[in-house]
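> This structure is in structure tokens; I'll ask about it shortly.
Numbering (the UniProt record's numbering), first residue to last: 1 to 309.
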């Protein structure tokens, strides 16, 4: 732990040595040196400006696509809350705070006749969706993002055009240490009733094919091929991560409390009492098995942060 850090003042809440396991969907991981929950953008900006330059900063959403290692996270973990979850429809555009849930943004946009329905089944927040260029059903954040507002590591608040983020498949090039606080989307027009019906269909499809009631972090590995540099997907491509895992005989593979979900082979699951080390070790075993069987190297889609126990 970085006990010698003099944390700057904060109008929000700062909790030292805060366990993070209960803040992640997989319910594993150690403590953060400090969990920082700023009151608003000005509070976050002042905190980062006063934070010693050598202290790491990690922005954390709702922990839906994250493994926090058992030894915890050094530095300041920034978790945005109520001051950052507003959603407003402004003509053809939808403005959403980084802490707004993707599903809420999709629903509010649909009520106003704006189509961001692809966000409805994506777990997590707008900030994470932008950072990972989230997408499904052939639509991606890169298709609709106009710009983001971010607080840089030195406290500067700036607007970054979408093009400068270089959004690609499950990736972006956000400045190191920057925290997204808001995003603006250009949303196509649609009939509210039809948009609602589409979202219900997507939810039904997801629930029929994915283990939504189990303790997972979404897709574990990226699909290794079938995507262009812009993040556009060829959803008919046969090379899917789940199929490679299945063919390698790793569906249902288990290590302690960690298991590759029998319902969907690309969902790493805490079946009860798993540690972060067990989850990550099982994931690496899956990668080795797939490479041995098919000669394909799977890349993690789940973000893994922090120190080992």
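Note that beta-carbon positions come from the ideal geometry of N, C-alpha and C, so glycine has one too.
What's the gap between the Cα of residue 160 and the Cα of residue 148?
5 Å
> For a minimum of 4 consecutive residues, which ranges assigned as the alpha helix (DSSP H) are wholly contained in the region 122-182?
126-131, 141-144
> Suppose contacts are defined by Cβ-Cβ distances below 9 Å. Is residue 112 in contact with residue 130 by that definition?
Against a cut-off of 9 Å, the Cβ pair of residue 130 and residue 112 comes out as no contact.
> Near residue 146, which residues of its chain fall below 7 Å by C-beta distance, leaving aside the five closest residues on each side in sequence?
Within the same chain, residue 146 has close Cβ partners 93, 162, 184, 185, 186.
> Closest by CA to residue 138, which one among 190, 126, 106, 117?
117
> Any idea what DSSP makes of residue 267, helix, strand or coil?
coil
> Can you tell me which of the three DSSP states residue 10 falls into?
DSSP places residue 10 in the coil class of the three-state scheme, outside both helix and strand.
> Return yes when the Cβ of residue 135 is within less than 9 Å of the Cβ of residue 61, no when it is not.
no
> Going by DSSP, which residues form a beta bridge with residue 37?
13
> Return the CA-CA distance between residue 220 and residue 30, expressed in angstroms with no decimal places.
20 Å
> Identify the residues that DSSP records as bridge partners of residue 87: which are they?
96
> Can you give the beta carbon distance from residue 192 to residue 263, rounded, assuming they're within the 8 Å contact cut?
Between residue 263 and residue 192 the Cβ distance is about 33 Å, and since that is not below 8 Å, they are no contact.
> For residue 96, does the count of other Cβ atoms within 10 angstroms reach 16, so buried, or fall short, so exposed?
Residue 96 is buried by the Cβ-count criterion.
> By how many angstroms is the C-alpha of residue 165 removed from the C-alpha of residue 52?
26 Å
> With distances taken Cα to Cα, identify the nearest neighbour of residue 222 among 119, 243, 206.
243
> Considering only the beta carbon of each residue, do residue 272 and residue 70 sit closer than 9 Å?
no
> Can the beta-carbon of residue 16 be found less than 9 Å from the beta-carbon of residue 39?
no
> For the candidate residues 289, 291, 48, 253, whose alpha-carbon lies nearest to that of residue 278?
253
> Quick one: what's got a C-beta closer than 7 Å to residue 85's C-beta in the same chain, skipping five residues either side?
Answer for residue 85: 97, 99, 100, listed in chain order.
> Along the chain, where does the alpha helix (DSSP H) containing residue 279 start, and where does it finish?
Element bounds for residue 279: 276-294.
> Any idea what DSSP makes of residue 57, helix, strand or coil?
Three-state result, residue 57: strand.
> Measure the CB-CB distance between residue 121 and residue 110 and report whether it falls below 9 Å.
no
> Is it buried or exposed, residue 167, if we count other Cβ atoms within 10 angstroms and call 16 or more buried?
The residue in question, residue 167, is buried, as its Cβ has 16 or more Cβ neighbours within 10 Å.
> How is the beta strand (DSSP E) around residue 68 delimited, first residue to last?
66-68 is the span of the beta strand (DSSP E), which, as asked, contains residue 68.
> Helix, strand or coil: how does DSSP classify residue 25 here?
Of the three classes helix, strand and coil, the one that applies to residue 25 here is coil, per DSSP.
> May I ask you to report which of helix, strand or coil DSSP gives residue 228?
The pLDDT assigned to residue 228 is 42, lower than 50, so where the model puts this residue is not dependable; a value taken from the coordinates is nonetheless given after this. Note: residue 228 maps to coil in three-state DSSP.
> Distance check for residue 246 and residue 267, CA to CA, integer angstroms please.
11 Å
> Secondary structure at residue 105, three-state DSSP: helix, strand or coil?
DSSP, reduced to helix, strand and coil, places residue 105 within a helical segment of the structure shown.
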